[in-house]
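Chains as they are written, first to last, in this note's numbering: chain A, 10 to 399; chain B, 10 to 399.
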């Protein structure tokens, strides 16, 4: 029996003449798991969805772009409830059986008249594609982001669809930007929860565009149960393979997000090795990823390693500068407390003109490791964010 | 008896045809206090000066610009000791009686031959002015920064000279960029230590250009003891007035630094009020000051208050969004959980074209307060920092 998420892309009147919403119909008996922003001022739809996913079987997801419905007070909360009721009446379910998501500008109230009448007038035939859905959730994204892929575990072919959006306010901190994934396998509540935690910790939580955490970040995995040959609660090897495959897919989505980060001209991978603990490695990696002095140097293809070292020193983590080595694009540039004179700076500079730059920091003081991906800081970043109107 | 700091501005061969060093001769029996960077990878001269100020009477200060002598390993440390010995031989003191400071590019070794021969050839007549000294310590600064001022405490006129530099890597975190101040009064070791702590906490520790902490930040106060009528250890009222005056002067120096921050077109003051604790207010103030999304919005004269609120929410501090009010340039724009509809956005936008912008955040949950000053994020910031050569 085919069990798949069905999609309806809509225009609900937030963006002119562009799709600005998608409704997802979830097959019966699907398992869902969700990770949301830790922002204290999470948007109204996030607050509502966090309640609904705990108490109910979820029948539909509804996502709008162009308006975040965040910092909109009691009016914004009531608006979210009102269109939830309208939707559930239209779709013949309870409003608690919906998950709702919003992304876009913060602080504006939704155009409720337009939204309610477009819900009323839509026929919800659920004939849209994942690609169309990926377009309907874009904000400052330059291109839509989706992956569909099949992969095999123990001889069984698994089908996966995923869409995501995210160009600014990217530093999720235990959550993520908007992303939705369909898997056609059967997973228990417990297995899907373990899966999403592992995946997020190793993908969406390891990227930064600007060190700013959104009020609306959410990631949902839907396991439809179409294929139920493998019991992932019991078969440890298969579950490990599943985690590995899904993590890889989400890392690819991350790369799309960073690559499309506002004004991004580079993807910078920061790999901190041999730290005393993972938390130390993580702190150093994010400190570098969010240093404007490092990000502008990368934009300028300038191997300004002094800024990287100064940033490590500023973290207050007890590391011995004489033990640290720093490699940029595999060229050793710093070791034994000073510049490595054997480094061919011209060759290194040339290599920094590539779209991807790798910073490898070896602390030589332990066995822990953490990797972060970030974008650079360009003129276009300043343009995008100084001209973007409230 | 006149007791004042005497100055010798030099060219020691780091910058071509520009003064790049200053030597300061400290009157006998002066009291000195110093605050330095907390960066773990503090430059060699910082390490040496921290030792020397504890053990010795200080006779001279020596500062060079153009080269930070940071991340230069054992070679850099030995170089600092070598020119200290050369200087002390020339000036007829012990090398432990010197404080030395460097600022400029990180990771390059000093041109020792030039430095040693220029020390050898200089006549050290100590006829330079504070203004000349302020020019000799510049790096990416667009203009030199000095204040000379007299003020009166209990009828007694006090003379003060101060110079500072600092345009990038400005977030001191319990320290400061390079600044030197002369006061012609007598202060005990204990009084001058109390004074510098109070002043730094209320001035240099409250500014940010880019959230990056330098390897070389230092601030020194020299009290020459020329005027010794008031005993500041005993006269509490006079000491309070002294702290107030010196804090005000250092806040003025801070404003010069932020105003000259790399690519700065705005000075933004962030005033967080009625927090549960000063540390909460400080955390929120610095989070906003270092948000690229806020800084670019300010550059664009855009009252994008949603970014300010999202940043407050991301700090993980337990505040009630419905109690918060946000004013930009005295215009209330956010209250009761959403935009204040009475706000005249056009008038507000017009006011943001001024050089100074004031963000006032009232948390309405306690009595603590913290103020931070920062610069915006402009095209020129990206230029300065992507083109700056290592």
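We put the beta carbon where it would ideally sit given N, CA and C, even for glycine.
Checklist line | residue 59 of chain B, DSSP secondary structure in three states | finding: In the second chain, the residue the question calls residue 59 of chain B occupies position 50. DSSP places residue 59 of chain B in helix when its eight states are reduced to three.
Next item on the list: Report the neighbours of residue 80 of chain B on chain A: residues whose CB is nearer than 9 Å to its CB, in chain order.
Entry: Within the second chain, the letter at position 71 stands for residue 80 of chain B. Within 9 Å Cβ-Cβ: 314, 315, 318, 319, 322, 330, 343, 346, 347 and 348.
Checklist line | Close-in-space but distant-in-sequence residues of the same chain around residue 190 of chain A (CB under 6 Å, 5 per side omitted) | finding: Along the first chain, one-based indexing puts residue 190 of chain A at 181. Residues of the same chain with a CB within less than 6 Å of the CB of residue 190 of chain A, apart from the 5 flanking positions on each side, are 171 and 230 in chain order.
Check: What's the gap between the Cα of residue 410 of chain A and the Cα of residue 362 of chain A?
Finding: With chain A represented from 10 up to 399, any question about residue 410 of chain A goes unanswered, as that position is not in the structure.
Check: Touching or not, the stretch 307-322 of chain B and the stretch 267-284 of chain B, by the rule of three or more beta carbon pairs under 8 Å?
Finding: yes
Notebook entry, point to check: In chain order, what residues of the stretch 40-61 of chain B put their CB closer than 9 Å to some CB of chain A?
Noted result: 46, 47, 48, 49, 50 and 51
Check: Given that a residue counts as buried once 16 or more other Cβ atoms are within 10 Å of its Cβ, and exposed if not, what is residue 69 of chain A?
Finding: Taking the first chain and counting its residues from 1, the one referred to as residue 69 of chain A is at position 60. The residue is buried, with at least 16 neighbouring Cβ atoms inside 10 Å.
Item checked: Straight-line gap, residue 350 of chain B to residue 226 of chain A (C-alpha atoms, nearest Å) -> What you label residue 350 of chain B is simply residue 341 of the second chain in a count that begins at 1. What you label residue 226 of chain A is simply residue 217 of the first chain in a count that begins at 1. For residue 350 of chain B and residue 226 of chain A, the distance between alpha carbons rounds to 27 Å.
Check: Any beta-carbon of chain A closer than 9 Å to the one on residue 109 of chain B?
Finding: Locating residue 109 of chain B in the second chain gives position 100, where the first residue counts as 1. So no, residue 109 of chain B is outside the interface.
Next item on the list: Count the CB pairs spanning the stretch 333-347 of chain A and the stretch 73-84 of chain B that are closer than 8 Å, and state whether there are at least three.
Entry: yes
Item checked: Whole-angstrom distance between residue 65 of chain A and residue 205 of chain A, CA atom to CA atom -> On the first chain, residue 205 of chain A is found 196 positions in, with the first residue counted as 1. On the first chain, residue 65 of chain A is found 56 positions in, with the first residue counted as 1. Their backbone Cα atoms lie some 19 Å apart in a straight line.
Margin query: Does residue 393 of chain A come out as helix, strand or coil in the three-state DSSP assignment?
Written below: As a working mapping, residue 393 of chain A is identified with position 384 in the first chain. DSSP places residue 393 of chain A in helix when its eight states are reduced to three.
Margin query: When you compare the CB of residue 29 of chain A with every CB in chain B, is at least one pair closer than 9 Å?
Written below: Residue 29 of chain A sits at position 20 when you count from the first residue of the first chain. No, no contact with chain B.
Note to self: Taking a contact to mean a Cβ-Cβ separation below 9 Å, would you say residue 124 of chain A touches residue 73 of chain A in this structure?
What the structure shows: Start at 1 with the first residue of the first chain, and residue 124 of chain A comes out as number 115. Start at 1 with the first residue of the first chain, and residue 73 of chain A comes out as number 64. It is a contact, given that the beta carbons lie within the stated cut-off.
Notebook entry, point to check: What are the start and end residues of each continuous alpha helix (DSSP H) run of 4 or more residues lying completely inside the stretch 244-297 of chain B, in chain order?
Noted result: 245-268
Margin query: Quick check on the DSSP output: what are the complete alpha helix (DSSP H) runs of length 4 or more inside the stretch 192-243 of chain A, in order along the chain?
Written below: If only uninterrupted alpha helix (DSSP H) runs of at least 4 residues are considered, those enclosed by the stretch 192-243 of chain A are 198-210.
Check: Going by DSSP, what residues sit across from residue 69 of chain A in a beta bridge?
Finding: As a working mapping, residue 69 of chain A is identified with position 60 in the first chain. Bridge partners of residue 69 of chain A: A:34 and A:107.
Note to self: Residues of chain A with CB closer than 7 Å to the CB of residue 309 of chain B, please, in chain order.
What the structure shows: Position 300 of the second chain holds residue 309 of chain B. Result: 395 and 396.
Checklist line | Interface residues of chain A facing residue 83 of chain B [CB-CB closer than 7 Å] | finding: Counting from one through the second chain, the residue named residue 83 of chain B turns up at place 74. Residues of chain A passing the Cβ test: 346.
Next item on the list: Could you say if the stretch 367-382 of chain B and the stretch 336-344 of chain B meet the contact criterion of at least three C-beta pairs nearer than 8 Å?
Entry: yes
Next item on the list: Quick one: give me the first and last residue of the beta strand (DSSP E) that residue 323 of chain B is part of.
Entry: As a working mapping, residue 323 of chain B is identified with position 314 in the second chain. Residue 323 of chain B -> not in any beta strand (DSSP E); alpha helix (DSSP H) instead, spanning 314-323.
Check: What are the residues of the stretch 202-233 of chain A that lie near chain B, defined by any Cβ-Cβ distance shorter than 8 Å?
Finding: 219, 220, 221, 222, 223 and 224
Notebook entry, point to check: Given that residue 325 of chain B touches chain A, what residues does it touch there, using C-beta distances under 8 Å?
Noted result: What you label residue 325 of chain B is simply residue 316 of the second chain in a count that begins at 1. Within chain A, the residues near residue 325 of chain B are 47 and 49.
Check: First and last residue of the beta strand (DSSP E) that includes residue 305 of chain A?
Finding: Sequence index remark: in the first chain, residue 305 of chain A carries index 296 (1-based). No beta strand (DSSP E) holds residue 305 of chain A; the alpha helix (DSSP H) holding it covers 301-308.
Notebook entry, point to check: With a CB to CB cut of under 6 Å and the five nearest residues on each side skipped, what residues in its chain are close to residue 175 of chain B?
Noted result: For the purposes of this step, residue 175 of chain B is taken as the residue at position 166 of the second chain. Same-chain partners within the cutoff: 186 and 266.
Margin query: Let's test the definition: count the other Cβ atoms within 10 Å of the Cβ of residue 129 of chain A and tell me whether it reaches 16, buried, or not, exposed.
Written below: One-based indexing of the first chain puts residue 129 of chain A at position 120. With fewer than 16 other Cβ atoms within 10 Å, it is exposed.
Note to self: Taking the beta carbon of residue 359 of chain A as the centre, do at least 16 other beta carbons fall within 10 Å, making it buried, or is it exposed?
What the structure shows: Indexing the first chain from 1 puts residue 359 of chain A at position 350. Residue 359 of chain A should be labelled exposed.
Note to self: With a threshold of 8 Å, are at least 3 pairs of Cβ atoms found where one atom belongs to the stretch 45-53 of chain A and the other to the stretch 321-329 of chain B?
What the structure shows: Judged by Cβ distances under 8 Å, the stretch 45-53 of chain A makes contact with the stretch 321-329 of chain B, as three or more pairs qualify.
Next item on the list: Return the chain-ordered list of same chain residues with a C-beta closer than 6 Å to the C-beta of residue 132 of chain B, the five sequence neighbours on each side being excluded.
Entry: For the purposes of this step, residue 132 of chain B is identified with residue 123 of the second chain, where counting begins at 1. Counting only Cβ-Cβ distances below 6 Å, and skipping sequence neighbours, we find nothing.
Check: For residue 302 of chain B, which of A:117, A:180 and A:169 has the nearest alpha-carbon?
Finding: Here residue 302 of chain B corresponds to residue number 293 of the second chain, with the count starting at 1. Here the closest residue by C-alpha is A:180.
Notebook entry, point to check: Can you give the beta carbon distance from residue 284 of chain B to residue 386 of chain B, rounded, assuming they're within the 8 Å contact cut?
Noted result: Within the second chain, numbered from 1, the residue matching residue 284 of chain B stands at position 275. Within the second chain, numbered from 1, the residue matching residue 386 of chain B stands at position 377. Residue 284 of chain B to residue 386 of chain B, Cβ: 25 Å. No contact.
Notebook entry, point to check: From residue 147 of chain B to residue 299 of chain A, what does the alpha carbon distance come to, in whole angstroms?
Noted result: The sequence position of residue 147 of chain B within the second chain is 138, counting from 1. The sequence position of residue 299 of chain A within the first chain is 290, counting from 1. Cα-Cα distance, rounded: 27 Å.
Next item on the list: Find out if the Cβ-Cβ distance for the pair residue 381 of chain B, residue 255 of chain B is shorter than 9 Å.
Entry: By 1-based counting over the second chain, the position of residue 381 of chain B is 372. By 1-based counting over the second chain, the position of residue 255 of chain B is 246. With contacts defined as CB atoms closer than 9 Å, residue 381 of chain B and residue 255 of chain B fail to qualify as a contacting pair.
Check: Residues of chain B with CB under 9 Å from residue 300 of chain A, in chain order?
Finding: Counted from its first residue, the first chain places residue 300 of chain A at position 291. Those are 219, 220 and 221, listed as they occur along chain B.
Item checked: residue 91 of chain B versus residue 107 of chain B: straight-line alpha-carbon distance, rounded -> On the second chain, residue 91 of chain B is found 82 positions in, with the first residue counted as 1. On the second chain, residue 107 of chain B is found 98 positions in, with the first residue counted as 1. Between residue 91 of chain B and residue 107 of chain B, the alpha-carbon positions lie close to 12 Å from each other.
Next item on the list: Could you please tell me which residues of the stretch 353-387 of chain A, in chain order, have their CB closer than 7 Å to any CB of chain B?
Entry: Taking 7 Å as the Cβ-Cβ cut-off against chain B, the residues of the stretch 353-387 of chain A that qualify are 386 and 387.
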